[in-house]
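Each number in the UniProt record's numbering corresponds to the 1-based position in the sequence shown with 599 added. Don't be surprised by glycine CBs; every beta carbon is placed ideally from N, CA and C. Reading through the structure tokens given below for one structure.
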Amino acid sequence: MALEIALRGALDRGEFVLHYQPRIGLPSEKLMGVEALVRWNNPERGLVPPSDFISIAEETGLIDELGIWVLRQACLDIQGLSNRLGYQLSVSVNLSPKQLLSPNLVAQVQHALDQAGMQSKYLELELTEGAFIHDMQASTLAMQQLKTLGVRLAVDDFGTGHAGISYLQRFPIDVVKLDRTFITPNTSEPHGRGFMKALSDMTHALGLHVVAEGVEDKATLDLLCQTQCDEAQGYFIARPLPLSMLVTYVEKKW
Ligand code: G
Ligand code: G
Ligand code: MN
Ligand code: NA
600 MALEIALRGA LDRGEFVLHY QPRIGLPSEK LMGVEALVRW NNPERGLVPP
650 SDFISIAEET GLIDELGIWV LRQACLDIQG LSNRLGYQLS VSVNLSPKQL
700 LSPNLVAQVQ HALDQAGMQS KYLELELTEG AFIHDMQAST LAMQQLKTLG
750 VRLAVDDFGT GHAGISYLQR FPIDVVKLDR TFITPNTSEP HGRGFMKALS
800 DMTHALGLHV VAEGVEDKAT LDLLCQTQCD EAQGYFIARP LPLSMLVTYV
850 EKKW
């Protein structure tokens, strides 16, 4: 209850901030876009990670309002940056399962795009497997409606849930984000390359794009290039950065 009230106040006072983690294309290593990750800039506690408040926001219904703020701010920030750079970046936004089933989601997404002047194909929405296995009919419908806007849909943390491969075919998904627990061990294991190649081939056979998360070293990035992974994200490339530092990162690289 205390945290719920604190979160409510944080929304009203504008204490939430977004950090952006770069995502590069392979093998070009060209910057393709960023993932927006929310933090709470608490005056007493400092930066509070999402793991400390997202589930409470979901339980109390605050996630709808927080989610709308994240969507709008992410589109505004990244379209603004793209305009300044003369170089279009994509932005990925995490959606909680509850948001996917909200009847207002499609209108909210369209509004966020309009407000930022962003073309829908540059917005990607990340859903975890858990978001669409509870009510398959409702989530399929919601996903189809989002697809008609022209946004991309990604399965986040793929491989950690129970959904499995059949879900990639059943739902209108464009992108698979392989969970980081899959990625690093493969560099050191004898069958790692074969495993990564199989995952990448399977994803491509389904007509989907594959993104590796949690890339922490050069050996892993090399392995992902060799196994035709499409994009990569992780500390070896860049940590999640405040907008001002993202600007510096982009300007240094280009
Ligand atoms: O940045 P960090 O590793 O602390 O993020 C942990 C998790 O928090 C992410 O994996 C993601 O699932 C979740 N998360 C981050 N930002 C958002 C957001 O804006 N909305 C939702 N629903 N989840 C988020
Ligand atoms: O669940 P989701 O993929 O949305 O969350 C991404 C989270 O993973 C972010 O909170 C981010 O801080 C974290 N992350 C990003 N890159 C790396 C990495 O290379 N290693 C580890 N351990 N965590 C990472
Ligand atoms: Mn994510
Ligand atoms: Na993930």
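CB contact flag (residue i, residue j, <8 Å)
| i | j | result |
| --- | --- | --- |
| residue 684 | residue 610 | no |
| residue 827 | residue 792 | no |
| residue 618 | residue 784 | no |
| residue 814 | residue 797 | no |
| residue 753 | residue 704 | no |
| residue 833 | residue 850 | no |
| residue 852 | residue 630 | yes |
| residue 768 | residue 712 | no |
Beta-bridge partners of residue i, as assigned by DSSP
| i | result |
| --- | --- |
| residue 727 | 755 |
| residue 693 | 725 |
| residue 831 | 623 and 811 |
| residue 638 | 616 |
| residue 774 | 753 and 808 |
| residue 841 | 618 |
| residue 633 | 621 and 690 |
| residue 716 | Paired residue(s): none; residue 716 is not in a bridge. |
| residue 646 | 640 |
Reference residue i; option with closest CA among the options
| i | options | result |
| --- | --- | --- |
| residue 721 | 708, 619, 669 and 688 | 688 |
| residue 710 | 773, 758 and 668 | 668 |
| residue 823 | 781, 663 and 751 | 781 |
| residue 612 | 640, 767 and 844 | 640 |
| residue 838 | 737, 816 and 829 | 816 |
| residue 794 | 758, 766, 767 and 771 | 758 |
| residue 788 | 695, 645 and 819 | 819 |
| residue 627 | 821, 850, 636 and 707 | 821 |
| residue 646 | 632, 615 and 672 | 615 |
| residue 726 | 712, 643 and 696 | 696 |
| residue 605 | 755, 633, 652 and 637 | 652 |
| residue 693 | 801, 635 and 620 | 635 |
| residue 602 | 660, 620, 633 and 632 | 660 |
| residue 633 | 620, 766, 643 and 642 | 620 |
| residue 715 | 728, 638, 682 and 739 | 682 |
| residue 717 | 648, 644, 670 and 739 | 670 |
Straight-line Cα distance separating residue j from residue i
| i | j | result |
| --- | --- | --- |
| residue 773 | residue 746 | 10 Å |
| residue 764 | residue 807 | 12 Å |
| residue 845 | residue 622 | 12 Å |
| residue 803 | residue 848 | 31 Å |
| residue 624 | residue 771 | 22 Å |
| residue 799 | residue 748 | 27 Å |
| residue 751 | residue 743 | 11 Å |
| residue 730 | residue 607 | 24 Å |
| residue 760 | residue 779 | 13 Å |
| residue 650 | residue 644 | 15 Å |
| residue 728 | residue 642 | 34 Å |
| residue 835 | residue 707 | 34 Å |
| residue 637 | residue 810 | 20 Å |
| residue 663 | residue 766 | 25 Å |
Residue i beta carbon near ligand 6 (any heavy atom closer than 7 Å)
| i | result |
| --- | --- |
| residue 643 | This structure lacks ligand 6; the ligands present are ligand 1, ligand 2, ligand 3 and ligand 4. |
Take every Cβ of the stretch 671-678, pair it with every Cβ of the stretch 649-663, and state whether three or more of those distances are shorter than 8 Å.
no
Is it a yes or a no for the stretch 685-704 touching the stretch 714-728, going by three-plus beta-carbon pairs under 8 Å?
yes
Kindly confirm or deny that the stretch 731-750 and the stretch 692-700 touch, where touching means at least three C-beta pairs closer than 8 Å.
yes
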